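Remarks on the structure that follows.
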Amino acid sequence: MTVHELAYVELYVHDRPAAVEYLVSSFGFVEAGHCDGTDSGSTFLRQSQVGLVVTSGPATEGFLAEHGDGIVDIAFVCADVAAVRDAAVAAGSELLGPATVSGIGGLRHTLVPRTGDSGFPDGRAWIGVPSGGSPRPAQRISEIDHFAVCVEAGALDKAADFYCEAFGLKRYHSEYVAVGEQAMDSVVVRDASGTVTFTILAPDATKKPGQVDAFLERNGGAGVQHVAFLVDDIVGSVREFRSRGVAFLSTPDSYYDMLAARVGELSEAVADLRDTHVLADRDEWGYLLQLFSRSPYVRNTLFFELIQRRGAQGFGTANIRALYEAVERDRVAAG
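This note's numbering applies: residue 27 is where the sequence shown begins, and numbers increase by one.
What follows is the structure, given as structure tokens:
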């Protein structure tokens with residue numbers, strides 16, 4: 027049995043109003059509803075096909091103490107919830123509720139049936155927020171392209187096998203990246219339609235510790251390092267989001283000197299990519315454009331990515347290296 031699409035993503039945060047304000051004012055999400063209970067309160071945000079639940083309160087304190095602000099639940103839409111639940115348990119998941127199973131590290135997966143969707147995650151007393159008369163910001167983000175999950179050295183194959191066996195995903199691509207005396211290995215798993223994609227990263231224990239090791243230490247183990255938002259116009263999106271306060275990682279100016287020769291013809295002007303620090307790469311189907319944000323959270327446990335696909339279905343070998351180098355530069359600069 028397989029999962030078919032993403033239902034919603036839930037974040038546990040220390041400061042819900044600040045986290046909501048960041049996602050709304052900076053990335054253009056719209057508050058659709060909220061609920062408050064004795065053990066936690068949540069705000070439901072939506073933009074195009076992306077639903078985010080932002081939660082804080084006493085019920086979140088254990089996760090936050092261990093992992094910091096980050097993604098706790100990636101909910102899947104399933105045609106047969108019971109069959110997917112049973113497959114996940116058989117693959118090693120712990121059953122956390124009638125339709126919730128454990129994932130990697132502190133991550134869990136709520137399984138949502140295809141029918142009966144009220145627009146809000148079930149099991150909470152949601153109060154809808156009227157749209158009002160004020161104009162909504164431009165919907166730059168269309169969907170979630172992928173999640174990047176970091177696991178400990180030696181755990182990569184086990185993690186990839188788990189997501190394949192539990193949720194019917196398939197191995198799509200693998201990549202080993204060495205930068206100086208550091209290195210990481212990765213496996214991409216996704217469903218047949220390409221709507222659910224995980225890039226699983228692990229450090230090479232034979233090399234010096236790098237950014238994946240640093241994330242695992244900050245996060246208290248395995249977890250979601252970043253979530254990638256798919257956009258139709260990354261140059262315009264970066265400029266708009268940057269004007270709203272999103273801090274993006276920088277790219278050396280020299281990267282763009284041979285970009286056209288390396289990647290080939292692009293619809294975007296290299297000068298615009300240089301100005302926005304956007305990275306470009308090509309695969310056999312087309313090309314893609316990517317850029318990472320800095321983490322807005324104190325422990326630097328989760329950040330965001332913008333990605334635009336012009337035909338490309340993978341991630342691009344050169345881009346994987348360039349993105350790794352960008353994060354490493356930022357980590358070194360931060361001390």
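C-beta: ideal position from N, C-alpha, C; glycine also.
Just so we're clear, the structure is a prediction, and the values are computed from it rather than from any experiment.
Could you give the distance in angstroms between the alpha-carbon of VAL189 and the alpha-carbon of LYS233? Sequence inspection shows Tyr at residue 189; the Val mentioned does not correspond to that position. Their Cα atoms are separated by approximately 27 Å.
If you count every other CB in all the chains shown that lies within 10 Å of the CB of GLU331, and 16 or more means buried, which is it? buried
What is the DSSP secondary structure of ILE97, counted as helix, strand or coil? strand
Drop a sphere of 10 angstroms on the beta-carbon of ASP62, count the other beta-carbons inside from all chains shown, and report buried for 16 or more, exposed for fewer. exposed
Please report the straight-line C-alpha distance between GLN334 and PHE318, rounded to a whole angstrom. 12 Å
Rounding to the nearest angstrom, what Cα-Cα distance links VAL29 and ASP307 in this structure? 29 Å
Can you find the residues in the same chain that come closer than 7 Å, C-beta to C-beta, to THR86, ignoring five residues on each side of it along the sequence? TYR38 and SER66
ALA231 - containing beta strand (DSSP E), residue span: Unbroken run through ALA231: none, as it is neither H nor E.
Nearest CA to the CA of ASN326: which residue from VAL46, ASP283 and ALA273? ALA273
Could you tell me the distance, in whole angstroms, from the CA atom of GLY9 to the CA atom of ARG134? This structure does not reach residue 9, given that the chain is present from 27 up to 361, and the question cannot be answered.
Closest to SER200 by C-alpha separation, out of GLY206, SER212 and GLU191, would be which residue? SER212
Through-space distance from VAL289 to GLU4, alpha-carbon basis: One cannot answer for residue 4 here, as it falls past the ends of the chain, which runs 27 to 361.
Looking at C-alpha atoms only, which residue of TYR202, ALA174, MET210 and ALA254 is the closest neighbour of ILE226? ALA174
Skipping 5 residues on each side, what residues in its chain have a beta carbon closer than 8 Å to that of SER74? GLN165, ILE167, SER168 and GLU169
Is the Cβ-Cβ distance between VAL127 and ALA117 less than 7 Å? no
Confirm, please, whether the CB-CB distance from HIS252 to SER276 is below 7 Å. no
Per DSSP, what kind of secondary structure is PHE248 in: helix, strand or coil? According to the sequence as given, residue 248 is Ala; it is not Phe. ALA248 falls in the coil class under three-state DSSP.
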